[in-house]
Amino acid sequence: MLQIEIETVWRFRKEDSPQTAVVMLGILNEIRKTGKITSAANDAQLSYRHVWNLIEQWTGFFGVPLVETQRGKGSKLTPFGEKLVWAGERMQARLGLQLENLAQELVTEIKPFLEQRPSVIRVHASHGFAVSKLREFLDRAGGVGVDLRYVSNQNSLVSLAQGACDLSGVHLPRGELRAQGIKACREWLDPREDRVINFVTREMGLMVKRGNPLKITSLKDLVERKARFVNRDHDSGTRLLFDQLLALHKIPEGRINGAQHMEFTHAAVAAYVASGMADASFGVEAAARQFGLDFIRLLTEDYFFVCRRAFLETEPMQRVLDIMKSSEFHKAVGALPGYVASNTGAVSAVKEFLEKLHSDPLIGHTRRRPTWWPSILRDSRQVR
Numbered sequence: 011m012l013q014i015e016i017e018t019v020w021r022f023r024k025e026d027s028p029q030t031a032v033v034m035l036g037i038l039n040e041i042r043k044t045g046k047i048t049s050a051a052n053d054a055q056l057s058y059r060h061v062w063n064l065i066e067q068w069t070g071f072f073g074v075p076l077v078e079t080q081r082g083k084g085s086k087l088t089p090f091g092e093k094l095v096w097a098g099e100r101m102q103a104r105l106g107l108q109l110e111n112l113a114q115e116l117v118t119e120i121k122p123f124l125e126q127r128p129s130v131i132r133v134h135a136s137h138g139f140a141v142s143k144l145r146e147f148l149d150r151a152g153g154v155g156v157d158l159r160y161v162s163n164q165n166s167l168v169s170l171a172q173g174a175c176d177l178s179g180v181h182l183p184r185g186e187l188r189a190q191g192i193k194a195c196r197e198w199l200d201p202r203e204d205r206v207i208n209f210v211t212r213e214m215g216l217m218v219k220r221g222n223p224l225k226i227t228s229l230k231d232l233v234e235r236k237a238r239f240v241n242r243d244h245d246s247g248t249r250l251l252f253d254q255l256l257a258l259h260k261i262p263e264g265r266i267n268g269a270q271h272m273e274f275t276h277a278a279v280a281a282y283v284a285s286g287m288a289d290a291s292f293g294v295e296a297a298a299r300q301f302g303l304d305f306i307r308l309l310t311e312d313y314f315f316v317c318r319r320a321f322l323e324t325e326p327m328q329r330v331l332d333i334m335k336s337s338e339f340h341k342a343v344g345a346l347p348g349y350v351a352s353n354t355g356a357v358s359a360v361k362e363f364l365e366k367l368h369s370d371p372l373i374g375h376t377r378r379r380p381t382w383w384p385s386i387l388r389d390s391r392q393v394r
């Protein structure tokens, strides 16, 4: 299947001057990670001399150096270079999924004009690292195209009910908030036609700076320590879950410093905290580890997919189920911090699914913390 990638360009221009500078943040980021200009050149598939010339051009344009080089000690970014790289990290975390959606829309528009088109599965799902991993596996396997759109939890079920997608992603929290989640989903589930597919479980909680300098361990600590918070957008399932947690603990949203400041993905809020612009946020553990943050787990969510019974029997969907059940996919999910492949690929009818949610004793309680949990909190660098 044809794939389109939309990339951003960082072009700087001075007022009243035709001169511009295109800064390749990937080069700066590689220098930050390795301390070697040669590594940055290899990664960008450019010569060392060309990369060195680019660095000198950027320094001349801005009037301040971006990279410092010391004999025998390698290279490192200046504070200004670090600031540019962090700005790029935030931009990619903030816009990445939106650019993916736009690229997918373009693929859908031009697809009818192309020959030898594979079967395409339309997936509407709330963003999650395991969902992205599933798409990677499907793309690698070939033969089945994936039209993946990231939408909110409830909107994905609306899309399925209206025939706008084939596979809908839904996540439900365990514990005291489970009933609210079921109630919100029930009206869009058709017990006769819909089937539910187990996917993964994931850990949700607070992301804080490495070392947790404010000693935040709960939602109430956000208020008591006047922590600067960055929230998720109103349409996201994660924002709804956070609002429900605040209500459960009787914490008015107005007491959260920065509750109205919003970003659109788990990675975006994590990048915001990692760059020092906020002290805490709420989201998946995988995003916290990606940006080197500490993570305070608050609850476990179960992630499911829903599809029509008739679609379940199609060859493309059977291939999806085969990948979900494969040991390779389970291993890949297990490598994502806070994710577990839990009976992945198992299919049940809506009635059976709802009965299990109400009867399973694990559903009403949070998962017991494994013995290695404290070490993860002490040193987030173990898992990235």
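Just so we're aligned, residue 11 is where the sequence shown starts under our numbering, counting upward by one. Each residue gets a CB set at the ideal place from its N, CA and C atoms; glycine is no exception. Remember, it's a predicted structure, so these values are computed and weren't measured experimentally.
Worksheet item: Under the DSSP definition of a beta bridge, which residues are partnered with Tyr160?
Response: Beta-bridge pairing by DSSP links Tyr160 to Ala135.
Worksheet entry | alpha helix (DSSP H) segments (min. 4 residues) lying fully within the segment 239-321 | Those alpha helix (DSSP H) runs which fall completely within the segment 239-321 and span 4+ residues are 247-258, 276-284 and 295-300.
Practice prompt. Grab the span of the beta strand (DSSP E) containing Thr354 for me, first residue to last.
Written response: Here Thr354 belongs to no beta strand (DSSP E), and DSSP marks it neither H nor E.
Item to complete: With Lys86 as the anchor, note down where its beta strand (DSSP E) starts and where it stops.
Response: Gly84 to Leu87 is the extent of the beta strand (DSSP E) around Lys86.
Worksheet item: What are the residues that DSSP puts in a beta bridge with Ala31?
Response: DSSP lists Phe22 as the beta-bridge partner residues of Ala31.
Discussion item. Against chain B, does Glu295 count as a neighbour if the rule is that its beta carbon must be under 7 Å from one of theirs?
Written reply: Note that chain B does not occur in the displayed structure, where there is just one protein chain.
Discussion item. Below 8 Å, how does it come out for the segment 93-111 and the segment 268-281: are there three or more Cβ pairs, yes or no?
Written reply: As far as the Cβ criterion goes, the segment 93-111 touches the segment 268-281, which means the pair count is three or higher.
Discussion item. Can you check which of these residues, Tyr282, Leu303, Glu186 and Pro223, is closest to Leu256 by C-alpha distance?
Written reply: Closest by alpha carbon: Glu186.
Discussion item. What does the alpha-carbon distance come out to for the pair Gly408 and Met214?
Written reply: One cannot answer for residue 408 here, as it falls past the ends of the chain, which runs 11 to 394.
Worksheet item: Taking the C-alpha atoms as reference points, what is the distance between Asp231 and Val350?
Response: So the two alpha carbons sit approximately 28 Å from each other.
Discussion item. Once DSSP output is grouped into helix, strand and coil, what is the label at Leu331?
Written reply: Judged by DSSP in its simplified three-state form, Leu331 adopts helix.
Discussion item. Given this structure, state the Cα-to-Cα distance separating Lys341 from Phe72, to the nearest angstrom.
Written reply: Inter-residue distance for Lys341 and Phe72 is about 46 Å (C-alpha atoms, whole angstroms).
Worksheet item: Based on the DSSP output, what are the partners of Val350 in its beta bridges?
Response: As DSSP reads the structure, Val350 sits in a beta bridge with Thr211.
Discussion item. Could you check whether Phe90 and Phe209 sit closer than 7 Å to each other, using their CB atoms as the reference points?
Written reply: No, the pair does not count as a contact, with Cβ atoms beyond the cut-off.
Worksheet entry | C-alpha distance - Asp27 paired with Lys143, whole-angstrom precision | Note on residue identity: the sequence assigns Ser, not Asp, to residue 27. If you draw a straight line from the Cα of Ser27 to the Cα of Lys143, it is about 45 Å long.
Practice prompt. Could you tell me if Lys219 is buried or exposed, where buried requires 16 or more neighbouring beta carbons within 10 angstroms of its beta carbon?
Written response: The residue in question, Lys219, is buried, as its Cβ has 16 or more Cβ neighbours within 10 Å.
Discussion item. Just list the residues that DSSP pairs Leu177 with in beta bridges.
Written reply: According to DSSP, residue pairing for Leu177 in a beta bridge involves Val133.
Discussion item. Count Cβ pairs between the segment 193-206 and the segment 319-337 that sit closer than 8 Å; are there 3 or more?
Written reply: Judged by pairs of C-beta atoms under 8 Å, the segment 193-206 touches the segment 319-337, as three or more such pairs exist.
Worksheet item: If you draw a straight line from the C-alpha of Leu64 to the C-alpha of His181, how long is it?
Response: Near 46 Å, if we compare the C-alpha coordinates of His181 and Leu64.
Worksheet item: By Cβ distance below 7 Å, which residues in the same chain neighbour Leu38 in space, the five residues on each side in sequence not counted?
Response: Within its own chain, the residues whose Cβ lies closer than 7 Å to the Cβ of Leu38, once the five positions on either side in sequence are excluded, are Leu76, Leu87, Gly91, Leu94 and Val95, listed in chain order.
Discussion item. For Gly2, list the residues DSSP reports as bridge partners.
Written reply: Nothing about residue 2 can be reported from this structure: the residues present for the chain run from 11 to 394 only.
Worksheet item: Taking the runs of the beta strand (DSSP E) that are 3 residues or longer, which of them lie wholly in the segment 48-109?
Response: With a minimum length of 3 residues, the continuous beta strand (DSSP E) runs that stay inside the segment 48-109 are 77-80 and 84-87.
Item to complete: Kindly list the residues whose CB is nearer than 8 Å to the CB of Leu167, restricted to its own chain and excluding five residues on each side of it in sequence; keep chain order.
Response: Non-local beta-carbon contacts of Leu167 in its own chain, meaning distances under 8 Å to residues more than five positions away in sequence, involve Ser178, Val180, Cys195, Trp198, Leu199 and Val316 in chain order.
Worksheet item: Under three-state DSSP, which class holds Pro183?
Response: The three-state secondary structure of Pro183, taken from DSSP, is strand.
Worksheet entry | Residue closest to Ala140, alpha-carbon to alpha-carbon, out of Val294, Arg184, Phe252 and Arg249 | Out of Val294, Arg184, Phe252 and Arg249, Val294 has the C-alpha closest to the C-alpha of Ala140.
Worksheet item: Between the beta-carbon of Asp149 and the beta-carbon of Thr118, is there less than 7 Å?
Response: No.
Worksheet entry | From Leu364, Met217, Ile47 and Ala297, residue whose alpha carbon lies closest to that of Arg59 | Checking every option, the nearest Cα to that of Arg59 belongs to Ile47.
Item to complete: Return the residue from the list Thr69, Met334 and Ala359 that minimises the CA-CA distance to Glu146.
Response: The option with the nearest alpha carbon to Glu146 is Met334.
Fill in: Same chain, Cβ closer than 8 Å to Asp304, five either side skipped, listed in chain order
Closer than 8 Å at the Cβ level, and outside the excluded window around Asp304, lie Met217, Val218, Lys219, Arg220, Gly221, Asn222, Ala298, Leu387 and Ser390.
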